[in-house]
Amino acid sequence: MNAQSSAAVPSADAPADQYVLTLSCPDKQGIVHAVSSYLFMTGCNIEDSQQFGDHDTGLFFMRVHFSAGEPVTVDKLRASFAAIGDAFHMDWQINR
């Protein structure tokens, strides 16, 4: 057994500093602003972001890789993002 294989796998509520937010929702103004403002207000930094609006379906898709400035659990991020998800009728997830 080597050190790498014996390392503990972090649980869903363990602190980590790299996350990915993926979302889709009806396309409308303000989505990117809401997401980036949320990340700024929670002390996170956007490492990479892609987004596009699909004119055929009227849906907006976004993927944001971000890092947390201070230790935070993925569960806390999910709980605090839920209001934004609800406001824009998003199908979303935050994972490490």
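According to our numbering, the sequence shown holds residues 292 to 387 in order.
Heads up, the beta-carbon is just placed ideally off N, CA and C, and yes, glycines get one too.
Here the structure is a predicted model, which is why all the values come from computation and not from measurement.
TODO: Compute the Euclidean distance between the alpha carbons of Arg369 and Gln384, then round it to the nearest angstrom.
DONE: To locate residue 369, count along the sequence shown from 1; it is residue 78. To locate residue 384, count along the sequence shown from 1; it is residue 93. In a straight line, the C-alpha of Arg369 is about 8 angstroms away from that of Gln384.
Open item on the list: Checking 9 angstroms against the spacing of the C-beta atoms, do Ser358 and Asn336 come in under that value?
Closed with: Residue mapping note: residue 358 aligns to position 67 of the sequence shown, counting from 1. Residue mapping note: residue 336 aligns to position 45 of the sequence shown, counting from 1. The answer is yes: Cβ separation under 9 angstroms.
Task: Integer Cβ distance of Met353 from Ile375, believed to fall under 8 angstroms - done: Position 62 of the sequence shown holds residue 353. Position 84 of the sequence shown holds residue 375. Going by Cβ atoms, the distance from Met353 to Ile375 rounds to 12 angstroms, so no, they are not a contact pair.
Open item on the list: Rounded to whole angstroms, what is the Cα-Cα separation between Gln342 and Phe351?
Closed with: Taking the first residue of the sequence shown as position 1, residue 342 is located at position 51. Taking the first residue of the sequence shown as position 1, residue 351 is located at position 60. Approximately 7 angstroms, taken between the alpha carbons.
Open item on the list: Could you compute how far the alpha carbon of Gly349 sits from the alpha carbon of Lys319?
Closed with: On the sequence shown, residue 349 is found 58 positions in, with the first residue counted as 1. On the sequence shown, residue 319 is found 28 positions in, with the first residue counted as 1. If I take the Cα positions, the gap works out to 9 angstroms.
Open item on the list: Taking 9 angstroms as the threshold (C-beta atoms), are Ser371 and Thr333 in contact?
Closed with: Along the sequence shown, read from residue 1 onward, the residue named residue 333 stands at position 42. Along the sequence shown, read from residue 1 onward, the residue named residue 371 stands at position 80. In this structure, Ser371 lies closer than 9 angstroms to Thr333 by Cβ.
- [ ] Return the Cβ separation of His356 and Val311 in integer angstroms, given the expectation that the two are a contact with Cβ distance under 8 angstroms.
- [x] On the sequence shown, position 65 is the one that residue 356 refers to. On the sequence shown, position 20 is the one that residue 311 refers to. Indeed they touch by this definition, with Cβ atoms about 5 angstroms apart.
Open item on the list: I need the DSSP call for Met381, collapsed to helix, strand or coil.
Closed with: Here residue 381 corresponds to residue number 90 of the sequence shown, with the count starting at 1. Coil at Met381, not helix or strand.
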